[in-house]
Structure formats: C-alpha cells, structure tokens
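Visitor:
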Amino acid sequence: MQLSSRDARYGAHRHPGSAALVLLVTATILSDHRPVVALDPNKVITQYTHDVWQIEDGLPQNSVHCILQTRDGYLWLGTQEGLVRFDGVRFRVFDKENTDEIKNNFVRVLFEDREGSLWIGTDAGLNRLRSGEFSSYTTREGLSNDLVSAIHEDRAGTLWIGTRGGLNRITNGVLTAYRSKNGLSSDLVTCIHEDREGVLWIGTRGGLNHLKDGVLTSYSIEDGLSGTFVSSILEDREGRLWIATWGGGLDRFADGKFTTYTTRDGLSDDAVWCLYEDRAGSLWIGTVGGGLSRMRDGRFVAYTTKEGLSNDGVWSICEDREGSLWVGTNGGGLNRLMDGNVTTYTTREGLPDDQVRVVHENREGVLWIGTDDGLVQLQNGKITTYTIRDGLPDGTIWSLCDARDGGLWIGTGGGGLCRFKDGRITARPTRGTGNIKNIISLHAAGDGSVLIGTWGGGLIEYRDGSFAAYPLNGGFAGQVIRFIHADRENTLWIGTGGSGLTRIRNGNATIYTTKNGLSDDNLLSIYEDGDGNLWIGTWGGGLNLFRMGQFTTYGTKQGLFADVIFQILDDGTGNLWMSCNKGIFRVSKKNLLDVADGTSAVIDSIAYGTADGMRSRECNGGTSPAGCRTRDGKLWFPTIKGAAVVDPGRTVRNDLPPPVHVESVLADGRELLPQYKPSLATPVELSPGTRNLEFHFTALSYLVPDRVRFKFKLVGYDKDWADAGARRSAYYTHLPPGHYRFQVIACNNDSLWNQVGASFALDQLPHFYEALWFYALGASILFLTAGGAHRLRVRHLRARERELAARIDEALRQIKILRGLLPTCAWCKRIRDERGDWDTLESYVREHTEADFTHGICPDCKSTVYPPPVKE
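With the working numbering applied, the sequence shown corresponds to residues 226 to 1097, in that order.
(1) Going by DSSP, what residues sit across from ARG728 in a beta bridge?
(2) Is GLN602 helix, strand or coil by DSSP?
(3) Only counting runs of 3 or more residues, tell me where the beta strand (DSSP E) segments fall wholly within the region 858-900, in order along the chain.
(4) Below 8 Å on the Cβ atoms is my contact criterion, and I expect GLY350 with SER360 to pass it. Report the Cβ-Cβ distance as a whole number of Å.
(5) When the Cα atoms are used, what is the spatial distance from PHE692 to LEU617?
(6) Where does the unbroken beta strand (DSSP E) through ASP795 begin, and where does it stop?
(7) With which residues is TRP760 paired in a DSSP beta bridge?
(8) For ALA263 versus ARG504, is the C-beta spacing smaller than 8 Å?
(9) Can you tell me whether DSSP reads PHE1008 as helix, strand or coil?
(10) On the DSSP bridge assignment, give the partners of ARG1057 in chain order.
(11) Which residues in the same chain as ASP412 place their Cβ atom closer than 6 Å to its Cβ, once the five residues preceding and following it in sequence are excluded?
(12) Grab the span of the alpha helix (DSSP H) containing VAL820 for me, first residue to last.
(13) Write down every uninterrupted run of the beta strand (DSSP E) in the region 342-386 whose length is 3 residues or greater and which is fully enclosed by it, in chain order.
(14) Is it right to say LYS437 is buried, meaning 16 or more other beta carbons lie within 10 angstroms of its own, or is it exposed?
(15) Classify CYS1050 as buried or exposed, calling it buried when 16 or more other Cβ atoms lie within 10 Å of its own Cβ.
(16) Secondary structure at THR402, three-state DSSP: helix, strand or coil?
(17) Near SER603, what residues of its chain come up, given a Cβ to Cβ distance below 7 Å and the 5 sequence neighbours on each side ignored?
(18) If you compare alpha carbons, which of VAL424, LEU562, ARG1055 is closest to ARG380?
(19) Near ASP597, what residues of its chain come up, given a Cβ to Cβ distance below 6 Å and the 5 sequence neighbours on each side ignored?
(20) For the putative contact between THR568 and GLN272, defined by C-beta atoms under 8 Å, what is the C-beta separation to the nearest angstrom?
(21) Taking TRP978 as part of the beta strand (DSSP E), name the residues at either end of that continuous run.
(22) Cα-Cα, which of ASP615, THR512, HIS668 is closest to TYR687?
(23) Going by beta carbon distance, what residues of the same chain come within less than 7 Å of VAL789, once the five residues before and after it are set aside?
(24) State the Cα-Cα distance for the pair PHE331 and SER374, rounded to the nearest angstrom.
(25) What did DSSP end up calling ASP627 once you bin it into helix, strand or coil?
(26) Apart from the five residues on each side of it in sequence, which residues of its chain come closer than 8 Å, Cβ to Cβ, to ASP647?
(27) Among the residues of its own chain, which have a CB less than 8 Å from the CB of ARG1055, if the five just before and after it don't count?
(28) Just tell me which of ALA949, GLY963, LEU987, TYR957 has its CA closest to the CA of ALA971.
(29) Give the straight-line distance between the Cα atoms of THR453 and GLY556, rounded to the nearest whole angstrom.
(30) Which first and last residues belong to the beta strand (DSSP E) in which CYS543 is found?
(31) Should PHE1008 go down as buried or exposed, given a rule of 16 or more other Cβ atoms within 10 Å for buried?
(32) Are the Cβ atoms of SER744 and THR798 separated by less than 8 Å?
(33) Distance check for VAL827 and LEU1002, CA to CA, integer angstroms please.
(34) Identify the continuous beta strand (DSSP E) that holds HIS992 and give its terminal residues.
(35) Quick one, are the C-beta atoms of GLU447 and TYR501 less than 8 Å apart?
(36) On the criterion of 16 or more Cβ atoms from any shown chain inside 10 Å, does ILE1006 qualify as buried, or is it exposed?
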C-alpha cells in the first residue's frame, strides 16, 4: 500500500541519523577494509548506475521505511509487510506468519547495537534478533507505547527507544520514560541522535530537544527552527548538526544558530524526511514528494522520477560498505545508486540523441561527439549541440577528423562532407561526384587534401574543392571504406567492409585478405602501437596482429571477449581496450604478444557492461573514429545509449572479500539449522539412512552479485574443491557414516576470494549394523565362538592324545625293543649275551623279551625234515 501524505506524517519513519552505518568487521574476514568506492561527487547523479527492486523481485511490499547493513554483511529492510533480509540476490521475509515474536508487520526502524543484536521497531512493540533468536518488548514489559519510531544506543551502552508515547531509556533492564510532562516537546518521538560531545538530540512532532546531564532543553520556531515536526537529525564530519523538518525545509545548527535551506535555495521539497552523509562528504536528503537531493558545497541537485528514481517519496537512505547508496521509497521499492568504472553521457546529461556514432578530440582538446541527431561539442564541462538548423546537411554524423589548417571535417550519413570552423558549418557540394553522401571515414593528408571513405562509393579524394576517385596502382580498395590510417612512415592503410586491407605506399597498392592470413576481410578498426605493430579489428574474425609482415589471429576460442572489434585504444599502461556488441573489454598487450610468440595459450579479457555504468552494453562501430583516447587519458566509446567513458587510471578494484554464510542445510527435506541461525559451532547429527543432503549458502557482495563465484568442499568426502560458479547450493546423496565439515568460499566481482569462508560440521550416524560397536560386538562374538571351538578341538585332541599314549604305553608294555648289535656265531648261529655266554636264539629272546614261542616248520626246512617220497 502506498502511503498518503497524511499517513506518512503520522506513521512512516525514515532511517534515523543515529543509525549511521558502522564500519563492518565480519566474523569471516579477519582484517579491516576501507570501502572500495564512494559515489564520485563530481559526477551527475544520473551517471551513477541505478537499480530498482520491487515486489516482482521478491520484496513483500514496495514501501521501504528503513535500511541497515549489519556487521555480518546482510542488508536489512523494514517494510509494511515485515522485516526483510537481502543478500543481493534473494529476499527473505520475517513476519508474524513465520515468526511468533513479531506481532505487527509494519517495521519502522532498525538498529544494531555494539553486541551485534538487531533491534526492530514495529507498530506493536520492539523486537530483538540475537544469535538467531527473536525476542519482544512491549508495553507489558514497560514500554511507554508500542509504536516504536526511533532506536539508539549511547556511548555508555544505554538503549534509547522513541515511541508515540515518549522517550524510553533501558539501563540494565530497567525502563525509564521521558514524556512531555518531563519537558519533552512532544510525546511523539521521531528520531534520536548522539553528537560527538555525548549530548542526546531528540526530534519530536513538537520540535527539537537535547538531553544533557539529565536535563532536557527544547528548541522551537521561536529559537530559529524552521518547523516543529523534526523528522531526522544528522551530525556531519565537521560537527555541524542538520535537522530535517516536515514543511520547513532543512536546518543547519552550528554555533548556537540555525540556518535554513528551502526550495528557494534549490531544495527539491520542503517536506524533508531523512538525511545521510556519504563517505565523500555529500549530504543526501530524502523528501516526501521531491525525490532525492544531493547537497555539495552549498548546492542542491535533485534526483526524481524524471531522472529515474522509482518514486518521489523517499523514506530511508543507507550507504553500504562497498560504497553503494540504498534508497527506500514510498511505494517505489528499493533503489540503489552505484558508482561504476564507466561514466555515460546520454540525453539525460544533455546529448541530443542517445545513438552515438563517433567520438573525436581535436588538437585543442575539444571533444566532439557525433550522434544521429547532430554534432556535440563538449568543452570545459559545457555541451553545445549543432544540428541541421545550424547548417549541417544531415543530422547523422558518421565520421570526424581535424582539418590541417584548423577546424573540423565532418562526414554525414546522407549529406556528404562539411566543415566546422570558427563556429560555422559549411557544406561541400557533391554534385556529379558519385555516391559520396554517406561518409564513414575521413583522413586529412599533409598536402591539404582530404581522403574520404564512403559507404558504397569507394575511396574519394577531396582536393581544391573537387571530388575524385582516389587513384590506386595495383589494386582496388573496395566500395565500403571503414578506416583510413597513415602510419609513422606515412603509409596509408585502408580497411574495407569485405575487401580486406589495402596498403598504399608511394602510390602503389598492396591488398591483404584472408588469402594472406587475415582472419576476415570485413574490417572495422586499426591501431598502430609504439613498436609499429598494427592491430586490426574485424567483424566476426576477432583481432589481428600484423607484425613483421605476418598476421596473427586472436579469437574467442583463445579467451578474447568478442570476435567483433569496433575500436582498439591503448591506455598507455600496457593494455588494449576494445569495444564490441557485448560491451567494452581490456586485454594486456603483453598477454597478446605472448600468445603470438607461443609462450602463452590463453587470453585474459576483463569486460565492462551495464553493471559497471554503461547504459547499454552494445557499442557502435563501422564508422570512424569509433572512440578515442583524450589527452587526460580517458577512453571514449560510442554506444547505442550514449557515449561511454573509462578512466583507466581511476578504475577501482573491489578489495573487500565478501562475507560468506551457510544459510540452510536440509537433510531429506528437513531443516538442520536452528530457525534463523546462520551458523553452528557444534556438529549436527544426521539420522541413520539419510539419503539427500542440501547446502544453501551466500556471499554478501552487492556491487555485481552476478559475478560472485563459489567453491565448496565436504571435508571427509571430497578430495578437492568443487567449482560451483554462481550457483549458491550444493547437493550430496548417500553419505557413508562419518564426521564431515562442509566448507564454502567465495570471491567478489573482481575475483578477490574470501579464503576463510563459512563451514558447517555434521556427523552422519550409522545404522546399528554399521556402528563400530556392532562391528566390535560381532568381532567379539566371532572371536569367542572361534575361541570356544578351538578350545573344544584342543580338548578333544588332547583326549585322543592321552588315549593314544595310553594305548602305546600298553603296547610298549607288551613289547621290548632290541637295540644295538647282536654278536652271532656265523656257523651255529648262537648269540653272545652281555655276560659273554653263547645262547641259542630262542633262549636269548625269551630272556630279553616277554614274547612266547610257538613251534612249527618253515617251508625251507620242511623238505629236509620231510623229504619227498621217491618214485619207484
């Protein structure tokens, strides 16, 4: 819902001056950093990059009443539909539907105390977000009123709460209220500010108050205050106090006196709602109906819906740690002004047309810009436009070059050639000279003639008031002449649209095409470096280097940002800057030469686009000059939306590594992080059998969030870092039981990495049959079973052994073993015993063994004892 003036007057609250942004020291970055960029006060406000976020982008409601960046890097917004946390990509809303402690969705004021707690003032009391948990304070706890409009913590740690029912002081949990009966000018407190002397200033609906040593003093119109409704208070870096009033304008209080600024002094609206001083010292003023104003050196410049602001009612202003200015509006959503490395001049800055074709600086340092609706002279910051009414034969300016005897030659797109000199434009008649009305390139020769490159009419020479085709011996330059360049030896190089490159030396022409090594015959631009090398841009064939009679080609396959090269400019520090349909990019010349020499294979291109300040990435080319380097070192490029300017000496690198946070961890769809807590110090246990694990993370760099890149690793599972690119999530499935730590790091838009990052520890619990105790128990059972079986077997074997031993002993008792040598008579076979007696074998065995004898007759003896019968 958009507020009416009356609703805003009695309800909506600006970002208080007391809540000036604290320099951030995040837990993930160990060193303090200064901001990389502040809004350049010398730029016109329209030259800042401007972005808008509204309901369609994720805001719950389009009125942003307060903005605060906390020390962890998050941007917090207060809206009529809840508290919002923004990371540059995603909005997360906290409201009474998802947060029990929030009783009302109208958030009017935000403040972060010295302990890092976020205090939220709503229409139903005060909330605190601390360590991920919300708590609430209302009239039940002693607040004088539940509509909270201002919050401040003084240097002693005392919390001051401004409400519709007076001023509250909270010390050690004890609330003390100051109301009108105690001397406060009104019970409706709008803002609180503590100055450098420790004096507390309180703005109310009834005037200005200051509290010193427990004594309240009030200031009103009688004391010089311009209005009684004080909406915001700010102390600038010089110690001056600025007081915003509703209807009375802006007051400055210094040396006990008030000085008032109103619309008569250039202020856009006398109903002022919020104030903010940025790092560059500019004072920003948010008004109820006049948009945003910037005050610098006593001058006001307005930025309203006419210039691009989403709504002229400005409720809140905040500068983030990277130097961007955030502006909350009444019904227009969230705006952001950012200073980029590219400055653009368009119709907003005074050009007659946004379609810029050529840019040229003359010998006197005057800049000339050719557009589709006239010629622009830019000198000492002043823009002068020349059109058909001033003598131009055609308003489309396609080519420019200095005249040898002073002045400027102008080639038009349909009106032929003309000249500017001494403030006058004179056309050159082209009757009977062929197709030379469309002039896309010009070159003033040393002999006073002018070479003219046409679209469709070839190369023309203008000499002594006459036009004629340029004589070529040995070749034909082509019908579309895109550029004419005279090198240090006064050799002419003619670039054509489809016929290659022509060299004219001593009147003789040599033609170079793809047959000779050019990557493409459709040429667009040329640059000669200090070593005499020629760099040639083509339409689709990338970049060519002509060195020592040989061509080297560079293209997107090697890392060049584009294959269409409209212009090539040297910044004087070793870089070539090129324009194309996708923006402006730069490449180190050494890098290009190393690729040509074979010592490097990859080209490192750094590109600039709309996020860097261009109104459109699409540059213009095919006319000459499609850009120039001015004597102050700035590089100018024509685009379809104005002239884009880069100052290579002042390009700023973002030296702030982004704070990194793990925001959500899901196990089979169940959130593991405690509600609203960004991190955990102790491991979280995953239930046995968890199949799917999701990590969602972010990095808080707001300049160009699309260029933020991530890497992650699950320690205990991954060996190397995984490159997530711009994706802010990671997924794992079927993790085996174990201890893990998820780590994520990120880089900002300039590839500066936060190597510390953020982490999340977890333990994947096993099923009972996967647990160590189960394995130990199983091993024990197996061991015991095997041991028991072994003991039974040993017992059985030992029993058998005893049985066998017994049987052997029994057998041995039955047998005596004879050992040794037995002396035996060779004739009678008697045996000599140990006594020396000779015994028969039977006697000896019977004596020495327990054997018994049985007697029989062996077969051999049987024939002797019983001879066979004799046949008769």
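Backbone N, C-alpha and C define an ideal beta-carbon position, used for all residues, glycine too.
Guide: Based on what the coordinates show:
(1) Beta-bridge pairing links ARG728 to TRP718, THR735.
(2) strand
(3) Those beta strand (DSSP E) runs which fall completely within the region 858-900 and span 3+ residues are 860-864, 867-871, 885-892.
(4) Contact doesn't hold; Cβ gap of about 11 Å is too wide.
(5) 19 Å
(6) 792-795
(7) Paired residue(s): TYR752, LEU770.
(8) It is a contact, given that the beta carbons lie within the stated cut-off.
(9) Looking at PHE1008 - three-state DSSP - the assignment turns out to be helix.
(10) Among the bridge pairs identified by DSSP, ARG1057 is matched with TRP1063.
(11) These residues qualify, in order along the chain: GLY390, GLY391, ARG404, SER405.
(12) 814-822
(13) 343-347, 350-355, 358-362, 373-378
(14) Flag for LYS437 reads exposed.
(15) exposed
(16) A small fix is needed here, since residue 402 is Ala in this sequence, not Thr. Strand.
(17) A small correction: the amino acid at residue 603 is Leu; Ser does not occupy that position in the sequence shown. Closer than 7 Å at Cβ, skipping near neighbours: LEU592, ILE594.
(18) Of VAL424, LEU562, ARG1055, the residue nearest in Cα terms is VAL424.
(19) Answer for ASP597: ASP578, GLN580, THR621, listed in chain order.
(20) Contact holds; Cβ gap of about 5 Å.
(21) 978-989
(22) HIS668
(23) TRP764, GLY765, CYS805, ASN806
(24) 11 Å
(25) In this structure, ASP627 counts as strand in the three-state DSSP scheme.
(26) GLY632
(27) Non-local beta-carbon contacts of ARG1055 in its own chain, meaning distances under 8 Å to residues more than five positions away in sequence, involve THR1049, TRP1063, ASP1064, THR1065, LEU1066 in chain order.
(28) ALA949
(29) 26 Å
(30) 539-544
(31) exposed
(32) no
(33) 59 Å
(34) Careful: HIS992 lies outside any beta strand (DSSP E) and carries neither H nor E.
(35) For GLU447 and TYR501, no; Cβs fall outside 8 Å.
(36) exposed
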